[in-house]
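Colleague: Okay, handing you the structure first.
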Amino acid sequence: MRFSVQSISMSTRLRGFTSVVGAHEHLFKHVIPLGRHFPVYRHERWEELIDEPPLATDVERRVADAGRRLAAAEGCPLGREKRGTCDDCRDGNARWEIDLAFEPHLKAYVATAQEALDWAFENPTRAGEPRAIAMRSERGWRLETVDPRGVRLLAQLPQGGGEPAVITCYRDLDFVAGDRGNKTYARMWFDLNRQKAGSRRNGTALELALGGGS
């Protein structure tokens, strides 16, 4: 499917994460919450979206298994110390080894992000607009959306056209770990529209439309 931002044609097909380090960083923060991330992000309940295998249903088992794999990867800061981060990674061999070991998890993670993006364009509003917002930032053009599963996607948009890339993908904790009766999709969509209104006021909003543009 095609869409346009500022009349520039783009594809809804995600090309993956913006970088290998970014993919690892968010996988081990949200889907497999290691170290300092565990107390909060274990509640995102990714087992509701990704089956076993590749994702262990029990989050503690999932984390323990990943910890053992990372500890065996020489040069991995997450494997060396519980408070290490992927931002500290400077070892290309470690990145390659982890990419290989967690390939099924990463593919499933990107597939979940793709489902969220597809939903935004396949279920437009009554006004015929995508259920997403686009804005400019200091780091370029970005698109954000959330779907009825509470999956929130932030993607980098190619200003010359082409395929977006995932910056991050996570589940709304107020929805999945809170009272789902109170944090409905309608509320999440309202919050996103409020963010859109703010970007219009400060001049960072971008025109987002279905179709291929010019």
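Going by numbering that gives the first Met the number 0, the first residue of the sequence shown is number 0, and it counts up by one from there. All C-beta atoms, glycine included, are put in the ideal place defined by N, C-alpha and C. Being a predicted model, the structure only gives us computed values, none of them experimental.
I believe L156 touches T11 by the beta-carbon criterion, under 8 angstroms. Please report the beta-carbon distance rounded to the nearest angstrom.
Modeller: Their Cβ separation, rounded to whole angstroms, is 11 angstroms, which puts L156 and T11 out of contact at 8 angstroms.
Colleague: In the DSSP output, which residue or residues are listed as bridge partners for S136?
Modeller: Partner(s): G139.
Colleague: Comparing C-alpha positions only, which one of V175, V109, E128, A196 sits nearest to Q15?
Modeller: Here residue 15 is Gly; the residue named in the question, Gln, does not match the sequence. The candidate whose alpha carbon is nearest that of G15 is V109.
Colleague: Looking at the unbroken alpha helix (DSSP H) that takes in M187, where does it start and where does it end?
Modeller: Taken as a continuous stretch (DSSP letters only), the alpha helix (DSSP H) holding M187 covers 184–200.
Colleague: Spatial neighbours of C85 within its chain, please: C-beta separation below 6 angstroms, excluding the five flanking residues on both sides.
Modeller: Within the same chain, C85 has close Cβ partners V20, H23, E24.
Colleague: Run through the region 35–111 for me and flag every whole alpha helix (DSSP H) of 4 or more residues, listed as ranges in chain order.
Modeller: Correct list: 37–40, 58–70, 76–79, 91–100.
Colleague: Would you call the region 164–171 and the region 144–155 in contact, with 3 or more CB pairs under 8 angstroms?
Modeller: Yes: at least three Cβ pairs fall under 8 angstroms.
Colleague: Rounding to the nearest angstrom, what Cα-Cα distance links A93 and D87 in this structure?
Modeller: Their backbone Cα atoms lie some 12 angstroms apart in a straight line.
Colleague: Look at the alpha carbon of L33 and the alpha carbon of G160, and state the distance between them as a whole number of angstroms.
Modeller: In a straight line, the C-alpha of L33 is about 35 angstroms away from that of G160.
Colleague: Nearest to T17 by alpha carbon, out of L99, R67, V58, T167?
Modeller: Nearest C-alpha to T17: T167.
Colleague: Closest to R60 by C-alpha separation, out of R41, R89, G74, would be which residue?
Modeller: Residue R41 is the option with its Cα nearest to R60.
Colleague: Determine the direct distance from the alpha carbon of A131 to that of V30, and round the result to whole angstroms.
Modeller: So the alpha carbons of these two residues sit roughly 23 angstroms apart.
Colleague: Alpha helix (DSSP H) containing V4: first to last residue?
Modeller: Unbroken run through V4 is the beta strand (DSSP E), 1–4; no alpha helix (DSSP H).
Colleague: Quick one: residues in its chain with C-beta nearer than 8 angstroms to the C-beta of L13, no 5 flanking neighbours on either side, listed in chain order?
Modeller: If we look at L13 and ignore the five residues flanking it on each side, its Cβ neighbours are V109, A112, Q113, L116, A154, E162, P163, A164, V165.
Colleague: Can you tell me whether A126 is buried or exposed, with buried defined as 16 or more other CB within 10 angstroms of its CB?
Modeller: By the neighbour-count rule (16 or more Cβ atoms within 10 Å), A126 is not buried but exposed.
Colleague: Would you mind stating whether V4 and A204 have Cβ atoms separated by less than 8 angstroms?
Modeller: The answer is no: Cβ separation not under 8 angstroms.
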